[in-house]
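In this note's numbering, the protein residues as written are 1 to 295. For each residue, glycine too, the CB sits at the ideal point set by N, CA and C. In what follows, a structure is listed as structure tokens, so that the remarks can point back to it.
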Amino acid sequence: MAVTLTPSTAPVTPARPVRDRHHRGVSRWVVLALVTLGALVMLVPFAFMLLNAFKSPGDYSSGGPLSWPTEFYTKGLRTYWTEVNFPLKFWNSAIIAGSVAVLGVAVSLLNAYALGIGRVRGRLWIVGLFLLANMLPQEALIYPLYYVAKQVGLYNTQLSVIIIFTVIQSAFGTYLLASVMGTFPRSLLEAAALDGAGKWTVLWRVVFPNLRPTLAVLLIFFFIWTWNEFLIPLVMLIDNQTQTIPVALASLQGDRLMDAPTTNAGALISLVPAILFFLIFQRTLARGITAGAEK
């Protein structure tokens, strides 16, 4: 028996054209223009700082902060470098910020491992406590910290500042990592347990490799945040040999007199190490944020 094939009468939906991601209409360019404008606005204070860093006090007094300098003035840079002993202040800031970054990440990892994977009783309350501690202003902590440092003999030492900021930064790191580890795949942990891995082996062979991008981001943030801290180092470090760059920069300002060109030159020099550190680890930061988004 012959079988006749008839074409289907169902309507055929035409294939949707694939839109090029580089041609998404006017809205894409509007957003790009707004972001560019916002970036330029944020760069305006840095442009003023760069302009006044190479301006003589006479030009600043006669023309103000918006005038163009009549000469390339570099005495402000040399004055700041020699008066505050910038190499020593740079070394102090690097030691404190680097130590806090490494110790803060280590403490955050251990705390979050116990809370996020170890399933400590009352985990949510403890994580909430870490979040609350991270929200406390430094002005409310400065007197108790000063009193304790005096009692234990750590006042005017870099170790006191390292301990304080390690605890402060690890409070945020613990809250963040505990939230991440709370969603860690249980299948990986169970497979490691079946292979006879202990808790430390699971931490360093399973958890740590998966969280390495996130830990790198925390390390960068902790370093930059600690580098820019001012209030606690100002109170805890009174000796010129132990002070950091932000405290040294503030020492240029008197009660009734301020050398604006020297202050701008000092701010420019003080900003360069943080910018270089960010540029060096920019790819690490981008990979860490991208890895966190993919997870």
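Can you tell me where the alpha helix (DSSP H) holding Asp195 begins and where it ends?
Against the sequence shown, residue 195 aligns to sequence position 195. Run containing Asp195: none; DSSP gives neither H nor E here.
For Trp204, which of Pro185, Leu109, Pro261 has the nearest alpha-carbon?
In the sequence shown, residue 204 corresponds to position 204, counting from 1. The option with the nearest alpha carbon to Trp204 is Leu109.
Please return the same chain residues whose Cβ sits closer than 8 Å to the Cβ of Tyr73, not counting the five positions on each side in sequence.
Taking the first residue of the sequence shown as 1, we reach residue 73 at position 73. Cβ neighbours of Tyr73 beyond the five flanking positions: Phe54, Lys55, Ser56, Asp59, Pro261.
Whose C-beta lies closer than 7 Å to the C-beta of Ser251 among residues of the same chain, with five residues either side of it excluded?
Within the sequence shown, the letter at position 251 stands for residue 251. Val84, listed in sequence order.
CB-CB length for Ala265 against Tyr113, believed under 8 Å:
For the purposes of this step, residue 265 is taken as the residue at position 265 of the sequence shown. For the purposes of this step, residue 113 is taken as the residue at position 113 of the sequence shown. Actually they do not touch by this definition, with Cβ atoms about 46 Å apart.
CA-to-CA distance, Leu237 to Leu215, given in whole angstroms
Residue numbering aside, residue 215 sits at position 215 when the sequence shown is read from its first letter. Residue numbering aside, residue 237 sits at position 237 when the sequence shown is read from its first letter. C-alpha separation (whole angstroms): 29 Å.
Coil, strand or helix - Ser251 by DSSP
As a first step, residue 251 must be located in the sequence shown, where it is residue number 251. Correct three-state label for Ser251: coil.
Excluding five sequence neighbours on each side, which residues of the same chain lie with their C-beta closer than 8 Å to the C-beta of Ser187?
Numbered from its first residue, the sequence shown carries residue 187 at position 187. Around Ser187: no qualifying Cβ.
At what residue ranges does the stretch 83–114 contain a whole run of the alpha helix (DSSP H), taking only runs of 4 or more?
86–112
Nonlocal neighbours in the same chain, by C-beta distance under 6 Å from Leu131, ignoring five residues either side:
As a first step, residue 131 is located in the sequence shown; it is residue number 131 there, counting from the start. The residues are Tyr175.
Meets three-Cβ-pair contact criterion under 8 Å: the stretch 272–286 and the stretch 114–129:
These segments do not touch.
Can you look up Gly122 in the DSSP assignment and give me helix, strand or coil?
Reading the sequence shown from its first residue, position 122 is the one you call residue 122. Of the three classes helix, strand and coil, the one that applies to Gly122 here is coil, per DSSP.
Among the residues of its own chain, which have a CB less than 6 Å from the CB of Phe230, if the five just before and after it don't count?
For the purposes of this step, residue 230 is identified with residue 230 of the sequence shown, where counting begins at 1. Excluding residues within five positions, the ones whose Cβ falls inside 6 Å are Pro246.
Expressed to the nearest angstrom, what Euclidean distance is found between the alpha-carbon atoms of Leu276 and Ile220?
Along the sequence shown, read from residue 1 onward, the residue named residue 276 stands at position 276. Along the sequence shown, read from residue 1 onward, the residue named residue 220 stands at position 220. Each residue's alpha carbon lies about 12 Å from the other.
Assumed close pair Phe61, Asn111 - CB separation to whole angstroms, cut-off 8 Å:
Here residue 61 refers to the residue found at position 61 when the sequence shown is read from its first residue. Here residue 111 refers to the residue found at position 111 when the sequence shown is read from its first residue. A quick correction: the sequence has Ser, not Phe, at residue 61. Incorrect: roughly 54 Å between the Cβ atoms, too far for contact.
Spatial neighbours of Pro209 within its chain, please: C-beta separation below 7 Å, excluding the five flanking residues on both sides.
As a working note, residue 209 is residue 209 in the sequence shown. Correct list: empty, nothing qualifies.
The alpha helix (DSSP H) that contains Ser170, what's its start and end?
Here residue 170 is taken as the residue at index 170 of the sequence shown, counted from 1. Where Ser170 is concerned, the enclosing alpha helix (DSSP H) stretches over 158–181.
Which class does Thr226 belong to by DSSP, given the choice of helix, strand or coil?
Here residue 226 refers to the residue found at position 226 of the sequence shown. Three-state result, Thr226: helix.
Assign Asn52 to buried or exposed, taking buried as 16 or more other Cβ atoms, counted over all protein chains shown, within 10 Å of its Cβ.
On the sequence shown, residue 52 is found 52 positions in, with the first residue counted as 1. Counting every other CB atom within 10 Å of its CB across the protein chains shown gives Asn52 a total of 16 or more, marking it as buried.
Applying the criterion that 16 or more other CB atoms from any shown protein chain within 10 Å of the CB defines a buried residue, is Asn240 buried or exposed?
On the sequence shown, residue 240 is found 240 positions in, with the first residue counted as 1. Under this definition Asn240 is an exposed residue.
Within 10 Å of its beta-carbon, does Phe165 have 16 or more other beta-carbons around it, so buried, or fewer, so exposed?
As a position in the sequence shown, residue 165 is number 165, starting the count at 1. It is buried - the Cβ of Phe165 has at least 16 other Cβ atoms within 10 Å.
Shortest alpha-carbon distance to Ala101 belongs to which of Val217, Lys199, Leu136?
Taking the sequence shown and counting its residues from 1, one reaches residue 101 at position 101. Residue Val217 is the option with its Cα nearest to Ala101.
Take the Cβ of Pro65 as the centre, count every other Cβ of all protein chains shown within 10 Å, and call the residue buried at 16 or more, exposed below.
Counting from 1 along the sequence shown, the entry for residue 65 is found at position 65. When all chains shown are included, Pro65 counts as exposed.
Of the choices Thr82, Ile232, Val207, Leu249, whose alpha-carbon is the least far from that of Gln138?
By one-based count along the sequence shown, residue 138 stands at place 138. For the residues Thr82, Ile232, Val207, Leu249, the minimum Cα distance to Gln138 belongs to Ile232.
Taking the alpha carbon of Val167 as the reference point, which residue from Leu271, Gly182, Leu136, Tyr155 has its own alpha carbon closest?
In the sequence shown, the residue the question calls residue 167 occupies position 167. Cα-wise, what sits closest to Val167 is Leu136.
To the nearest angstrom, report how far apart Asp255 and Pro69 are at their CA atoms.
Taking the first residue of the sequence shown as position 1, residue 255 is located at position 255. Taking the first residue of the sequence shown as position 1, residue 69 is located at position 69. Bear in mind that a pLDDT of 49 at Asp255, under 50, signals an unreliable position, so the number given afterwards is only what the model happens to contain. Annotation: Asp255 to Pro69 spans about 26 Å, alpha carbon to alpha carbon.
Determine whether the beta carbon atoms of Leu129 and Val180 lie at a separation below 9 Å.
If you number the sequence shown from 1, residue 129 lands on position 129. If you number the sequence shown from 1, residue 180 lands on position 180. No.
Buried or exposed: where does Phe223 fall if 16 or more other Cβ atoms within 10 Å of its Cβ makes it buried?
Along the sequence shown, one-based indexing puts residue 223 at 223. Burial of Phe223 is indicated by the presence of at least 16 other C-beta atoms within 10 angstroms of its C-beta.
Within a Cβ cutoff of 6 Å, which residues of the same chain sit near Leu271, ignoring the five residues on either side of it in sequence?
Translated into positions along the sequence shown, residue 271 becomes position 271. Once the five neighbours on either side are set aside, Leu271 has no close Cβ partner at all.
Reduced DSSP secondary structure (H/G/I, E/B, other) of Gly153
Here residue 153 refers to the residue found at position 153 when the sequence shown is read from its first residue. Of the three classes helix, strand and coil, the one that applies to Gly153 here is coil, per DSSP.
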